[in-house]
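Student: Encoded as structure tokens, here's the structure I'll be asking about.
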Amino acid sequence: MQSTPNWSALYAKGRCKAVGISWSDEELNAVYELHIPVEYVRNGCKTLEEYEEAKNQVEYHEKEKGEKPLRYMNKFDLVKLAVQCGENVTDDVTRNDLISLIEVVREKKFNSEAKLAGSDAGALQS
Amino acid sequence: MAQILTTDFASLTDDLQSIWNEVAKSNLEEAVGFKVFSIKDTNRRTYDHLVLHGLDVIKRVAQGADLPSATVVEGDSVTWTQARYGGLVSVTKDMRMFDLHDEITSLVKSAADDAFNKVDQSLADVLLNGFSASAYTDVYGESVASTCTDGLAIFSASHTNNINSNTFRNLIRYNSANNPVISREAIVKARVDAMIYRDPTLHNRPIILDTLLVAPEKEDEALRIINSSQISGAADNDVNPLKGKVKVVPWAKLQTRTGGTDTSAYWFMYDSKRVAESLQALFAERPSLDAPEQVYKNKNWDYTVDFYYTIGRGFPAYVWGSTAVGS
Chain X
16 MQSTPNWSAL YAKGRCKAVG ISWSDEELNA VYELHIPVEY VRNGCKTLEE
66 YEEAKNQVEY HEKEKGEKPL RYMNKFDLVK LAVQCGENVT DDVTRNDLIS
116 LIEVVREKKF NSEAKLAGSD AGALQS
Chain H
482 MAQILTTDFA SLTDDLQSIW NEVAKSNLEE AVGFKVFSIK DTNRRTYDHL
532 VLHGLDVIKR VAQGADLPSA TVVEGDSVTW TQARYGGLVS VTKDMRMFDL
582 HDEITSLVKS AADDAFNKVD QSLADVLLNG FSASAYTDVY GESVASTCTD
632 GLAIFSASHT NNINSNTFRN LIRYNSANNP VISREAIVKA RVDAMIYRDP
682 TLHNRPIILD TLLVAPEKED EALRIINSSQ ISGAADNDVN PLKGKVKVVP
732 WAKLQTRTGG TDTSAYWFMY DSKRVAESLQ ALFAERPSLD APEQVYKNKN
782 WDYTVDFYYT IGRGFPAYVW GSTAVGS
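Protein chains in written order, with the numbering used here: chain X, 16 to 141; chain H, 482 to 808.
As structure tokens, this is what we get:
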């Protein structure tokens with residue numbers, strides 16, 4: 016006997032923390048009262064101070080690496096990256112799955128490049 | 482004393498089924514959950530429920546102009562999945578051999594009691610576990626999700642909708658604290674909060690909280706608050722405006738939640754005309770007693786009791802609650 020909300024629709028609209036995980040009262044306050052973007056709340060920001068700090072870090076990362084950290088990217092950008100990585104992606108994939116998939120591909124690439132360069136950086140990375 | 486023979490099978494079955502029906506009838510009359518929840522029959526294994534936030538159709542119409550067409554504001558959707566519950570009532574060879582008719586009938590009575598009490602407790606547990614979004618263990622020992630259509634606990638200070646960022650509450654509050662203990666003031670505040678409820682498009686759709694659900698331990702206090710002619714506990718003779726506006730319903734199953742937590746101080750209010758939109762129980766098969774089709778090697782006559790149902794947590798605005806912890 017289960018009553019199952021449409022979690023993927025709730026997630027897509029920023030109305031839950033993750034599929035199957037509700038917002039806590041504090042997080043609801045951050046999203047609906049403080050109007051902090053959901054991606055920041057999903058990454059732990061519950062106050063405006065925490066949001067400002069995280070926003071600066073994301074901006075710095077974007078300036079340095081030319082893209083936002085994966086956890087702050089929207090699904091559209093993550094799908095584009097996953098396709099670039101050679102994955103066959105459908106609309107049903109979740110954001111979190113995309114992130115871990117891209118991380119795996121990038122880590123593998125990093126390791127093989129390190130190996131080619133004869134460095135032990137890959138081993139350290141893993 | 483005569484043995485119950487194979488030739489008596491049909492009459493025993495009739496007898497047991499009429500006992501079952503009698504016990505079921507009296508249980509249904511007493512089971513409060515069957516009155517609070519909207520009980521429906523369905524033949525769908527999974528039932529998709531869509532919340533509709535009402536029509537925004539009535540507009541000023543100029544002379545000769547076409548009437549505006551109705552557009553439904555679609556809300557959240559939720560899927561309710563049926564599960565089967567049941568058990569065997571065995572009339573053993575010994576019971577038949579020695580005509581233990583009393584034992585046989587009490588087995589059936591107790592099976593019927595068990596079935597209806599467990600359904601009633603499962604309905605009460607929906608409310609009693611409605612203050613947390615975490616899954617809980619139900620009366621059958623299964624883990625069930627407690628979230629409603631917006632992915633939050635049934636009772637929340639900030640229910641969300643899929644149209645805009647407006648929120649609404651159905652968590653009772655008083656003096657800016659959520660979950661007050663039951664009191665006249667808290668009831669009045671809950672009724673005011675519900676009456677000024679605005680739908681996602683910010684139109685007022687009054688919710689009339691006309692029923693107060695309490696555990697037996699709070700029944701006396703609730704009746705005094707609601708039914709006294711004057712305000713209960715006050716020194717003056719001021720009239721009690723709540724009298725006649727709210728019905729007090731004691732529900733034994735609210736006293737203790739499955740798992741043993743004392744929930745006797747929890748209290749709930751609902752709009753009896755609209756609560757069906759919030760709380761439903763859908764039966765694909767109602768509890769029934771069926772005769773065995775074959776006799777096994779042990780010569781027991783195994784009567785089966787089974788039923789299919791699911792509990793639907795819909796749009797939560799029409800039922801309000803408080804744990805009385807005053808957070």
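Glycine is no exception: its CB is placed at the ideal position from the N, C-alpha and C atoms.
(1) Could you give the first and the last residue of the continuous alpha helix (DSSP H) run that contains X:Lys123?
(2) DSSP state of H:Gly741, grouped into three classes?
(3) Tell me where the alpha helix (DSSP H) around H:Ile707 begins and ends.
(4) How should X:Glu122 be labelled, buried or exposed, when 16 other C-beta atoms within 10 angstroms of its C-beta is the threshold for buried?
(5) Does the stretch 716-728 of chain H come close enough to the stretch 544-562 of chain H that 3 or more CB-CB pairs lie under 8 angstroms?
(6) When the Cα of X:Phe91 is compared with those of X:Tyr75, X:Glu77, X:Asn111 and X:His76, which residue comes out closest?
(7) By Cβ distance below 8 angstroms, which residues in the same chain neighbour X:Trp22 in space, the five residues on each side in sequence not counted?
(8) Say whether chain H places a C-beta atom closer than 9 angstroms to the C-beta of X:Ala24.
(9) Label H:Asn660 either buried or exposed according to how many other C-beta atoms from any shown protein chain fall within 10 Å of its C-beta, with 16 as the threshold for buried.
(10) Closer than 9 angstroms by beta-carbon distance: list the chain X residues that pair up with H:Asn685, in chain order.
(11) List the whole-angstrom C-beta distance separating H:Phe649 from H:Tyr678, where the pair is believed to meet the contact cut-off of C-beta under 8 angstroms.
(12) Using a 10 Å radius around the Cβ and a threshold of 16 neighbouring Cβ atoms, would you call H:Leu493 buried or exposed?
(13) Could you please tell me which residues of the stretch 47-59 of chain X, in chain order, have their CB closer than 7 angstroms to any CB of chain H?
(14) Less than 9 angstroms separating the beta-carbons of H:Asp522 and H:Leu763?
(15) Is it buried or exposed, H:Ser499, if we count other Cβ atoms within 10 angstroms and call 16 or more buried?
(16) Pick from H:Asp557, H:Asn718 and H:Tyr799: whose alpha carbon is nearest that of H:Ser759?
(17) With a Cβ-Cβ cutoff of 9 angstroms, do H:Gly556 and H:Asp787 count as a contact?
(18) My output table needs one value for X:Ser37: the three-state DSSP class, helix, strand or coil.
(19) Closest by CA to H:Asn656, which one among H:Ser646, H:Val669 and H:Asn645?
(20) What's the C-alpha gap between H:Arg541 and H:Gly795?
(21) Is the stretch 569-585 of chain H close to the stretch 595-603 of chain H, with three or more CB pairs under 8 angstroms?
(22) Taking only the alpha-carbon atoms, compute the straight-line gap between X:Ala24 and H:Ser558 and give it to the nearest angstrom.
(23) So, do the stretch 738-751 of chain H and the stretch 685-701 of chain H have three or more beta carbon pairs nearer to each other than 8 angstroms?
(24) Quick one: using the 10 Å Cβ neighbour count with 16 as the cut-off for buried, is H:Val504 buried or exposed?
(25) Chain H beta carbons: is any one of them nearer than 9 angstroms to that of X:Asp40?
(26) On the DSSP bridge list, what partners appear for H:Asn659?
(27) In three-state terms, what does DSSP make of H:Tyr566?
Tutor: According to the structure shown:
(1) Residues Arg110 to Leu131.
(2) H:Gly741: coil per DSSP, three-state reduction.
(3) For H:Ile707, the enclosing alpha helix (DSSP H) begins and ends at Pro697 to Asn708.
(4) Exposed is the call here.
(5) No, because fewer than three Cβ pairs between the stretch 544-562 of chain H and the stretch 716-728 of chain H fall closer than 8 angstroms, the two stretches do not touch.
(6) Checking every option, the nearest Cα to that of X:Phe91 belongs to X:Asn111.
(7) Same-chain partners within the cutoff: Cys31, Val34 and Gly35.
(8) Yes, contact with chain H.
(9) By the C-beta density criterion, H:Asn660 is buried, having at least 16 other C-beta atoms within 10 angstroms.
(10) Going along chain X, no residue has its Cβ under 9 angstroms from H:Asn685, so there is no contact; the nearest lies around 20 angstroms.
(11) So it is a contact: roughly 6 angstroms between Cβ atoms.
(12) Its Cβ being crowded by 16 or more others within 10 Å, H:Leu493 is buried.
(13) Result list: Tyr47.
(14) Taking 9 angstroms as the Cβ cut-off, H:Asp522 and H:Leu763 qualify as a contacting pair.
(15) Per the 10 Å Cβ criterion, exposed.
(16) Across the set H:Asp557, H:Asn718 and H:Tyr799, the C-alpha of H:Tyr799 shows the shortest separation from the C-alpha of H:Ser759.
(17) Taking 9 angstroms as the Cβ cut-off, H:Gly556 and H:Asp787 do not qualify as a contacting pair.
(18) Three-state DSSP puts X:Ser37 in coil, outside helix and strand.
(19) The alpha carbon of H:Asn656 has as its nearest neighbour, out of H:Ser646, H:Val669 and H:Asn645, the alpha carbon of H:Val669.
(20) One alpha carbon belongs to H:Arg541, the other to H:Gly795, and they sit about 33 angstroms apart.
(21) Cβ pair count under 8 angstroms is below three, so no.
(22) Taking the straight line joining both Cα atoms gives about 9 angstroms.
(23) Yes: at least three Cβ pairs fall under 8 angstroms.
(24) Label assigned to H:Val504: buried.
(25) Cβ-Cβ to chain H under 9 angstroms: yes for X:Asp40.
(26) Paired residues: H:Arg654.
(27) Per DSSP, reduced to three states, the secondary structure at H:Tyr566 is strand.
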